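So the protein lines, in turn, are chains R and E. 0 is the number of the first residue of the first sequence in numbering that gives the first Met the number 0; add one for each residue after it. 0 is the number of the first residue of the second sequence in numbering that gives the first Met the number 0; add one for each residue after it. Idealized CB from N, CA, C, for every residue including glycine. Just so it is clear, the structure is predicted and the values come from calculations on it, not from any experiment. Read the structure below first, then the notes.
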Amino acid sequence: MRRIAVSLDRDAMAMMLILGLVAMGALTTSTFAARATANPIHRTAAPVEPLPASTAPISSEGGLILRGSREVATTVPAVRLGTDIVADVDGQTARVTVTQAFRNTSDEWMEATYLYPLPDDGAVDTLKMVVGDRVFEGEIKPREEAQQIYEEAKANGQKAGLVEQSRPNMFRNSIANVGPGETVLIQIEFQAPIAQVAGDYSLRMPLVVGPRYIAGSTNSGGSLTRAAMLAGSADILAPTADPDMVAQAGSGLNPVSITVNLAPGFDAEAISSPYHAVNVTGEGTTRTITLADGAVPANRDFELRWSAAGDAPSLGLFRQKHGEMDYVMATITPPSVQRIGEAPPREMIFVIDNSGSMAGDSMPAARRSLLYALETLRPEDRFNIIRFDDTMTVLFPEAYAAYDRALEQAKTFVHSLDAEGGTEMLPALRTALDQQGCADASKVDPGSCAVSAAADLAMGEDKTERVRQVIFLTDGSLSNEAEMMAEINQNRGESRVFMVGIGSAPNTFLMRRMAEAGRGTFTHVGMGEEAEPQMQRLLDRLASPVATNLTATVEGGNIDFAPRDLPDLYAGEPLVLLGRTRHLAGTLTVSGMIGGERWSQRIPLGEARQSDVVAKLWAHRRIAEVEAERYSGETSHERVDASIEELGMAFHLVTSRTSLIAVDDTPSRPEGARLTREELPLLLPAGWDFDHLFATQFANESRDLPMRESDKQRQRLELPNTSTGYRLTLTLGLMLLVSGGAGAAWWRRRTEWQGRLDTEHALLSLQRRAT
Amino acid sequence: MTAALAHSANTGRADMKGVLQRALPLMLFAAIIVGGLGLTAKALYIPVKAELAQILLARAFEDSLEQGTPVKPWSWADTAPMARVTVSRLGVSEVVLSGGSGEAMAFGPTAVLDDAARNVTVLAAHRDTHFEFVQKLRAGDEITLERIDGTSEQYAVRAFETVRWDEFGVPDHNTGLLALTTCYPFDTDTPGPLRRIAWAQRIIG
């Protein structure tokens with residue numbers, strides 16, 4: 000009897016224990032449920048052992064695009080701007096003149112600044128400021144010195160124009176002391192090489208800088224503080240014009256007219272401009288292209304494409320003497336080799352941007368591009384998808400064989416992507432590079448490596464043969480380009496990085512440099528309709544043999560090429576060699592490996608034509624290379640800055656360290672007259688969703704105010720705890736009720752049965768005693 | 000005989016023990032049930048109070064609107080209605096109380112900040128009662144804020160953000176902002192440091 004009681008007590012205790020566990024379970028599941036909702040897709044994916052945190056929590060440190068009063072311009076600016084662009088295409092380079100007319104419509108003295116894009120491979124060398132019939136030539140000065148001259152002239156009442164580089168593809172013009180009703184012209188000139196792929200040529204002229212996201216992760220792992228980082232990106236911020244204001248502005252805000260004088264050196268055909276209507280006049284080797292609508296809003300990149308009628312020249316050779324040195328530019332197109340048999344199995348990691356800047360036309364274009372690429376995968380290929388905004392999701396824990404089910408899952412995933420949030424690309428890039436195969440076993444968890452190696456063995460494959468390609472689909476609307484390049488330089492391993500620039504105004508600088516650092520190539524998808532053909536072209540290039548180990552030598556002389564290490568070339572891409580030497584003579588020999596075959600070409604340098612742009616293009620290329628050394632950590636910041644400044648000064652180029660400054664020698668603003676500063680608003684790139692984007696950014700504005708304003712200027716508010724948690728209490732209460740009730744019922748049945756047993760027991764003992 | 004007596008006494012003590020052993024677990028279960036009842040009642044009290052208070056508050060709001068001065072919803076209340084917030088798409092209409100005390104929040108959304116000079120109003124309410132609807136808000140939703148002085152302002156939801164409770168700031172210059180703040184994430188019941196903010200901007204005209 001006693002034993003039974005004890006064991007029952009134990010049962011009761013066990014009951015309590017179970018109850019406690021259930022309650023705790025309820026608590027934890029409710030917590031996890033909340034976490035899981037942030038990442039519903041991941042939950043359905045396979046186990047996640049070897050992955051880095053795949054969903055970053057909503058970043059409380061996250062960024063912004065525009066801050067404070069610079070967010071959205073709702074009033075028509077006092078200084079109105081008109082831009083005229085004339086591009087003279089001569090052979091394989093273009094000389095472009097950009098004239099910006101600043102017209103002051105107010106009755107005050109104005110200072111205006113305007114942020115605008117140029118091709119990232121363009122070298123700006125000339126500034127002219129035109130006031131009435133007087134022209135002031137700009138001089139190249141170290142950045143700080145130019146700023147100082149500008150500030151002094153501004154304070155003095157003199158007109159001054161300043162051209163500064165914020166990014167290799169973003170420039171800022173400042174103009175001081177524009178009188179009431181006055182118009183001042185700022186004219187800059189630059190040259191850029193013509194892009195060329197497989198006989199197709201193009202000139203891309205960006206017309207607007209899309210609002211940029213300032214990543215909150217910039218300081219992670221680096222020494223840069225957030226405040227310093229923000230200060231560094233302040234110069235790429237400009238107010239965005241409210242569409243309602245643009246409608247009010249009448250003749251349009253920031254109209255642009257474009258003329259291209261096309262003299263490619265051959266009979267051009269298939270001249271087209273995919274994003275603008277154009278008129279083409281002229282015959283044979285010289286044509287003139289103008290915008291059909293006269294002036295267009297500066298809200299999307301202008302692109303002119305043409306191809307050669309008949310055979311495109313596979314070689315272009317130009318030379319220039321500049322100072323003591325000879326400069327040479329050679330454009331050589333290696334023969335495209337058809338692959339014999341199947342391309343080797345690939346591992347393709349797609350990284351797709353679904354941040355707020357992609358809202359509108361860009362997201363569908365990115366989706367279409369990715370879906371198209373998925374269609375081209377073969378079962379022997381492996382793939383994975385990473386999507387990011389200010390959070391990130393990795394579809395599979397590691398690259399997965401492209402079988403139907405995985406592809407179905409991937410397509411569902413892609414279809415579900417919505418454009419929202421900030422652009423934190425770095426974690427996504429890190430993950431994409433991190434998930435490398437076992438060739439780089441030090442980086443991955445050895446366990447998972449063994450598993451995939453075993454899987455490969457089972458499939459009779461050799462992992463080392465797999466080509467690893469990371470393909471980014473993004474508009475690149477971010478400000479921490481340097482971090483991306485640094486990451487690729489340091490951790491690319493065996494991966495190659497390819498960029499697909501999405502939308503009407505992608506950040507081409509980022510596309511080109513990330514692809515360069517990742518030994519890949521890049522393309523643009525401007526609109527949804529372009530998605531399939533452009534992706535097809537890119538994927539074809541990816542599948543074709545790559546020209547590697549390229550070297551160039553000159554008989555009887557050293558030649559200093561920029562870049563020093565020649566890049567790998569994808570099918571159809573020309574090798575653009577820019578070099579300098581003391582005396583240019585003899586024969587240039589270029590050689591390399593294409594698809595396992597040795598290839599070489601000899602070029603007699605005597606045939607080079609004179610051109611006055613070669614030296615500047617060489618300098619610009621060298622500057623880009625020096626910048627790349629900064630990202631890879633080969634050279635210190637100080638030394639990079641010093642050599643860029645030296646190059647900029649020597650070649651009269653605007654760089655990150657040198658600016659062009661023009662000053663009117665006579666003061667025009669009367670003493671005592673007030674000067675009002677205005678930042679000219681930029682149009683939102685075509686296809687971008689203003690409401691969506693600024694709804695998102697709007698929130699970030701208040702988040703970021705602490706960084707910009709001192710503590711007394713803004714109000715910090717502590718928010719009360721607003722969780723009653725009654726549901727949890729209710730759940731617990733009901734659970735206790737149910738379990739208590741159930742326990743009691745069970746106990747009653749048990750005691751009844753026990754009672755019967757006791758009675759029987761008593762009867763039995765009575766009987767026994769009676770006998 | 001003595002042996003028999005001793006035996007019966009022994010059985011009696013054993014019976015007593017048996018009763019205790021039988022009753023103790025029963026009492027335990029009774030305690031669990033009572034506890035459960037208590038918790039359930041306590042939990043239900045919160046939404047019931049929240050709902051009932053809104054009925055009283057709605058009446059007080061109408062009175063306040065009529066008289067132009069705040070009218071207490073019940074005589075011992077230490078708070079009074081200051082406005083009514085309506086989201087017609089979600090069929091939500093709630094009376095906002097002045098002062099952001101925890102007690103007031105049991106009855107309705109409270110104004111943590113209502114600064115006419117800076118054009119900012121920040122409301123807070125519990126995520127599981129009055130501001131449960133915040134998770135259903137979408138950009139573009141219109142919010143009406145009727146004040147007891149008879150004025151009425153229209154806002155449109157423009158943005159959402161998630162911040163730590165102590166990292167929230169309001170901008171100085173703006174064209175009329177309304178922030179609905181509540182705890183985040185929505186589907187948990189444990190208190191956490193994050194707050195969800197729905198930002199709405201005044202619609203001009």
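Backbone CA spacing between residue i and residue j [nearest angstrom]
{"i": "T586/R", "j": "V130/R", "result": "50 angstroms"}
{"i": "G209/R", "j": "P334/R", "result": "38 angstroms"}
{"i": "P378/R", "j": "T390/R", "result": "30 angstroms"}
{"i": "M534/R", "j": "T375/R", "result": "10 angstroms"}
{"i": "I32/E", "j": "T189/E", "result": "24 angstroms"}
{"i": "A291/R", "j": "P562/R", "result": "39 angstroms"}
{"i": "S354/R", "j": "G421/R", "result": "5 angstroms"}
{"i": "Q600/R", "j": "S590/R", "result": "6 angstroms"}
{"i": "Q609/R", "j": "L316/R", "result": "9 angstroms"}
{"i": "E596/R", "j": "V545/R", "result": "11 angstroms"}
{"i": "Y183/E", "j": "I213/R", "result": "24 angstroms"}
{"i": "W746/R", "j": "F60/E", "result": "54 angstroms"}
{"i": "R201/E", "j": "P192/E", "result": "28 angstroms"}
{"i": "D360/R", "j": "P666/R", "result": "48 angstroms"}
{"i": "V71/R", "j": "A248/R", "result": "15 angstroms"}
{"i": "S105/R", "j": "R676/R", "result": "12 angstroms"}
{"i": "F265/R", "j": "H582/R", "result": "30 angstroms"}
{"i": "N176/R", "j": "F101/R", "result": "11 angstroms"}
{"i": "A672/R", "j": "I187/R", "result": "29 angstroms"}
{"i": "T392/R", "j": "R386/R", "result": "5 angstroms"}
{"i": "A409/R", "j": "F395/R", "result": "9 angstroms"}
{"i": "E628/R", "j": "V639/R", "result": "8 angstroms"}
{"i": "M484/R", "j": "Y154/E", "result": "43 angstroms"}
Beta-carbon separation (whole angstroms), residue i vs residue j, contact threshold 8 angstroms
{"i": "L38/E", "j": "L731/R", "result": "6 angstroms"}
{"i": "Y371/R", "j": "A530/R", "result": "6 angstroms"}
{"i": "Q319/R", "j": "V613/R", "result": "4 angstroms"}
{"i": "F106/E", "j": "A57/E", "result": "Rounded, the Cβ-Cβ distance is 11 angstroms, inconsistent with contact."}
{"i": "S478/R", "j": "P684/R", "result": "In fact, because the Cβ distance is near 16 angstroms, the residues do not count as touching under 8 angstroms."}
Residues that DSSP places opposite residue i in a beta bridge
{"i": "Q164/R", "result": "F170/R"}
{"i": "I771/R", "result": "Past the edges of chain R, shown from 0 to 770, lies residue 771/R, and the structure says nothing about it."}
{"i": "H321/R", "result": "M324/R"}
{"i": "K127/R", "result": "E136/R and Q186/R"}
{"i": "M391/R", "result": "F387/R"}
{"i": "D278/R", "result": "It is Asn, not Asp, that sits at residue 278/R in the sequence shown. N278/R pairs with T289/R."}
{"i": "Q200/E", "result": "A155/E and L176/E"}
{"i": "P116/R", "result": "M169/R"}
{"i": "P141/R", "result": "T657/R"}
{"i": "P603/R", "result": "T586/R"}
{"i": "I270/R", "result": "For I270/R, which the question treats as bridged, DSSP gives no partner whatsoever."}
{"i": "S306/R", "result": "D199/R and E268/R"}
{"i": "N103/R", "result": "V78/R"}
{"i": "R146/E", "result": "A82/E"}
{"i": "Q559/R", "result": "The sequence shown places Asp at residue 559/R, not Gln. Answer is R579/R."}
{"i": "W598/R", "result": "G591/R"}
heavy atom of the ligand FMN below 7 angstroms from residue i C-beta
{"i": "L193/E", "result": "No copy of the ligand FMN appears in this structure; indeed no ligand is present at all."}
Fill in: Inside the stretch 514-551 of chain R only - alpha helix (DSSP H) runs reaching at least 4 residues
530-542
Discussion item. My parser needs the beta strand (DSSP E) runs of 3 or more residues fully inside the stretch 182-218 of chain R; what are they?
Written reply: 182-192, 194-196 and 199-204
Fill in: Complete runs of the alpha helix (DSSP H) confined to the stretch 66-109 of chain E [at least 4 residues]
List check, alpha helix (DSSP H) in window: 101-104.
Discussion item. For the stretch 292-303 of chain R against the stretch 257-273 of chain R, do three or more pairs of beta-carbon atoms, one drawn from each stretch, fall closer than 8 angstroms, so that the two count as touching?
Written reply: yes
Discussion item. Assess contact between the stretch 484-491 of chain R and the stretch 427-434 of chain R, defined as three or more Cβ pairs (one per stretch) separated by less than 8 angstroms. Is contact present?
Written reply: yes
Practice prompt. Flag this pair as touching only if the stretch 114-124 of chain R and the stretch 168-178 of chain R have three or more C-beta atom pairs under 8 angstroms; answer yes or no.
Written response: yes
Discussion item. As an exercise, report each continuous alpha helix (DSSP H) stretch of at least 4 residues that is fully enclosed by the stretch 328-407 of chain R, in chain order.
Written reply: You should have 361-374.
Discussion item. Any contact between the stretch 520-528 of chain R and the stretch 491-511 of chain R? By contact I mean 3 or more CB pairs, one from each, below 8 angstroms.
Written reply: yes
Discussion item. I'd like the ranges of any beta strand (DSSP E) spanning at least 3 consecutive residues and lying wholly in the stretch 616-679 of chain R.
Written reply: The DSSP assignment places 657-666 and 674-678 as complete runs of the beta strand (DSSP E) inside the stretch 616-679 of chain R, in order along the chain (cut-off: 3 residues).
Worksheet item: Do the stretch 715-723 of chain R and the stretch 275-282 of chain R touch if we need at least three Cβ pairs shorter than 8 angstroms?
Response: no
Discussion item. When you compare the stretch 138-146 of chain R with the stretch 655-662 of chain R, are there three or more beta-carbon pairs, one atom per stretch, that lie closer than 8 angstroms?
Written reply: yes
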